[in-house]
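J.: Okay, handing you the structure first.
Number of protein chains: 2
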Amino acid sequence: MYSFAMNPKQASARRKLGTSLLLGEQLCFALYSTMAAMNKVYRRLLRELGVTYPQYLVLLVLWERDGLMVSEIGERLFLDSATLTPLLKRMEALGLLRRKRARDDERQVIVSLTAQGLEMKRRAAAVPDGVFCASGCTPVELASIRDHLLLLRARLLKNA
Amino acid sequence: MYSFAMNPKQASARRKLGTSLLLGEQLCFALYSTMAAMNKVYRRLLRELGVTYPQYLVLLVLWERDGLMVSEIGERLFLDSATLTPLLKRMEALGLLRRKRARDDERQVIVSLTAQGLEMKRRAAAVPDGVFCASGCTPVELASIRDHLLLLRARLLKNA
DNA sequence: AAACTATACATCGTGAACGATCTAATAGCA
DNA sequence: TGCTATTAGATCGTTCACGATGTATAGTTT
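If you read the sequences in order, they're chains C and X.
Under the numbering used here, the residue at position 34 of the first sequence is numbered 34, and the numbers go up by one with no gaps.
All you need for the numbering used here is the position in the second sequence, starting with 1, plus 1000.
Following this line, the structure appears as structure tokens:
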């Protein structure tokens, strides 16, 4: 017993353009709800490590390259200081990293891993495999979705 | 000047499995950051309507079918009452909808659009078009990504 | 009827996300 | 030297998201 604003013909025309007001047809809701489902999987996997997904992302960045400025972490994760500062403080309280002002430019806060933060990389090795299993997709499928998303992201940021 | 834990050969083997610890290769981060970019586009488009993206999702659901229970809205959006109750209260305060207990079963709260909430559908017609333009993708591309994501979402929820 | 279970929401606490605004430090320049 | 602009973070207020828990109602069992 649904009430549509458009008649079926109009709706079909809009569907072809990908611009429907129907929830089930929107790419963005697919993105939103898939992200939520993915988050649920990660939460379960990360619980034993004691970190959240955004915190795990910060660790990924620092495992690739340690001793970054807050803004450099932000560039990689598309987050600004309003989000990162409290997040990093929580991680510092957990003993995963240290934050200290650079001597040569005291505006900068350098973030570096503690021994505990480094050691966690070993324990986190199982996480991507767990996600891979939960996804039930082939590596080729996953890579294909990923590359399409990255293309979409680039276009969205250009037009944002 | 990056420091990898794995040598290139190991990394390549893992890449093939889609289970790398490298940020740039993870589907999940592509999802996460693309969602954030999409959110940015929506925020701009929805600002003149005075609603947030999750509020817009609730409107989409109610425009398709009015007078739903809180839990029915939650099923469609994959959200629970802890998220929806305050969100719906804010929307009620904005005058977009009404919440009232069902007479026959007083556990249920029935959510129905006000005239203002219904009328907003007309003004929101431009939103999907705006997103479509910002995406810079063809309708076929968008539908393809969407369908891949929905498949992934179904598998993730099954294994969550 | 009393006791139990399930359902439908509400509440609480924590952790993001981000626009807007603030402060301190640095850089550029006359 | 001063003046301004820029940069790097921090802070504030609002909104989501969700696990855990509470509460009232409804249904079911004994």
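Where a beta carbon is used, it is the ideal one built from N, C-alpha and C, also for glycine.
Any C-beta of chain C sitting closer than 8 Å to the C-beta of Gly1136/X?
T.: Start at 1 with the first residue of the second sequence, and residue 1136/X comes out as number 136. Yes, Gly1136/X counts as interfacial toward chain C.
J.: Considering only their Cβ atoms, is the gap separating Arg1153/X from Ala134/C smaller than 8 Å?
T.: Counted from its first residue, the first sequence places residue 134/C at position 134. Counted from its first residue, the second sequence places residue 1153/X at position 153. Contact flag unset, no.
J.: Cα-Cα, which of Met1120/X, Leu1021/X, Arg1098/X and Gly1117/X is closest to Leu58/C?
T.: One-based indexing of the first sequence puts residue 58/C at position 58. The sequence shown places Val at residue 58/C, rather than the Leu named in the question. Closest option to Val58/C, Cα to Cα, is Leu1021/X.
J.: Note down the Cα distance separating Gly1136/X from Trp1063/X, rounded to an integer number of angstroms.
T.: By 1-based counting over the second sequence, the position of residue 1136/X is 136. By 1-based counting over the second sequence, the position of residue 1063/X is 63. If I take the Cα positions, the gap works out to 27 Å.
J.: Ser112/C by DSSP, collapsed to three states: which one?
T.: Here the question's residue 112/C lines up with position 112 in the first sequence. Here Ser112/C sits in strand by DSSP.
J.: Would you say Thr1085/X reaches chain C, if we count a Cβ-Cβ gap shorter than 8 Å as a contact?
T.: One-based indexing of the second sequence puts residue 1085/X at position 85. It does not; no Cβ of chain C falls within 8 Å.
J.: Identify every run of the alpha helix (DSSP H) within the stretch 12-94 of chain C, keeping only runs that are complete inside it and at least 4 residues long; order them along the chain.
T.: The stretch 12-94 of chain C contains these whole alpha helix (DSSP H) runs: 27-47, 53-64, 70-77 and 81-93.
J.: Determine whether the beta carbon atoms of Glu92/C and Arg101/C lie at a separation below 8 Å.
T.: Counting from one through the first sequence, the residue named residue 92/C turns up at place 92. Counting from one through the first sequence, the residue named residue 101/C turns up at place 101. No, the pair does not count as a contact, with Cβ atoms beyond the cut-off.
J.: Measure the C-alpha to C-alpha separation of Asn39/C and Glu25/C and round it to an integer number of angstroms.
T.: Mapped onto the first sequence, residue 39/C falls at position 39. Mapped onto the first sequence, residue 25/C falls at position 25. Those two C-alpha atoms are separated by around 22 Å.
J.: Just grab the DSSP bridge partners of Arg1155/X for me.
T.: Sequence index remark: in the second sequence, residue 1155/X carries index 155 (1-based). None; Arg1155/X has no bridge partner.
J.: Are the CB atoms of Leu46/C and Val61/C within a distance shorter than 8 Å?
T.: The residue given as residue 61/C occupies position 61 in the first sequence. The residue given as residue 46/C occupies position 46 in the first sequence. No.
J.: What residues match up with Lys100/C in a beta bridge as DSSP calls it?
T.: As a first step, residue 100/C must be located in the first sequence, where it is residue number 100. Paired residue(s): Ile110/C.
J.: Would DSSP call Cys1133/X helix, strand or coil?
T.: As a position in the second sequence, residue 1133/X is number 133, starting the count at 1. In this structure, Cys1133/X counts as helix in the three-state DSSP scheme.
J.: Tell me whether Asn1007/X sits in a helix, a strand or coil according to DSSP, three-state version.
T.: Here residue 1007/X corresponds to residue number 7 of the second sequence, with the count starting at 1. Residue placement at Asn1007/X cannot be trusted, given a pLDDT of 44 that sits under 50; what the coordinates show is reported in the next sentence. Coil.
J.: If you measure between the beta carbons of Ser66/C and Leu96/C, is that distance less than 8 Å?
T.: Residue 66/C sits at position 66 when you count from the first residue of the first sequence. Residue 96/C sits at position 96 when you count from the first residue of the first sequence. Sequence check: residue 66/C is Asp here, not Ser. Not a contact, by the Cβ cut-off of 8 Å.
J.: Going by alpha carbons, who is nearest to Lys1121/X out of Pro1086/X, Val1109/X, Cys1028/X and Gly1050/X?
T.: Within the second sequence, the letter at position 121 stands for residue 1121/X. With distances taken between Cα atoms, Lys1121/X lies closest to Gly1050/X.
J.: Let me confirm a value: Val1127/X is counted as buried when at least 16 other C-beta atoms fall within 10 Å, else exposed. Which label applies?
T.: Counted from its first residue, the second sequence places residue 1127/X at position 127. Buried, since its Cβ has 16 or more Cβ neighbours within 10 Å.
J.: Between His1148/X and Glu1141/X, what straight-line distance do the alpha-carbon atoms span, to the nearest angstrom?
T.: For the purposes of this step, residue 1148/X is taken as residue 148 along the second sequence, with counting starting at 1. For the purposes of this step, residue 1141/X is taken as residue 141 along the second sequence, with counting starting at 1. Rounded to the nearest angstrom, the two C-alpha atoms are 11 Å apart.
J.: Determine the DSSP secondary structure at Ala1125/X, reduced to helix, strand or coil.
T.: In the second sequence, residue 1125/X corresponds to position 125, counting from 1. Of the three classes helix, strand and coil, the one that applies to Ala1125/X here is coil, per DSSP.
J.: Going along the chain, which residues of the stretch 1029-1048 of chain X sit with their C-beta nearer than 8 Å to a C-beta in chain C?
T.: Of all residues in the stretch 1029-1048 of chain X, Phe1029, Ala1030, Leu1031, Tyr1032, Ser1033, Thr1034, Met1035, Ala1036, Ala1037, Met1038, Lys1040, Val1041, Tyr1042 and Arg1044 have a Cβ within less than 8 Å of some Cβ in chain C.
J.: Of the residues that make up the stretch 1142-1154 of chain X, which ones have a beta carbon closer than 7 Å to any beta carbon in chain C?
T.: Under the 7 Å Cβ criterion, the stretch 1142-1154 of chain X contributes Leu1142, Ala1143, Ile1145, Arg1146, His1148, Leu1149, Leu1150, Leu1152 and Arg1153.
J.: Quick one: Cα of Arg1043/X to Cα of Ala1143/X, how far?
T.: In the second sequence, counting from the first residue as 1, residue 1043/X sits at position 43. In the second sequence, counting from the first residue as 1, residue 1143/X sits at position 143. So the two alpha carbons sit approximately 22 Å from each other.
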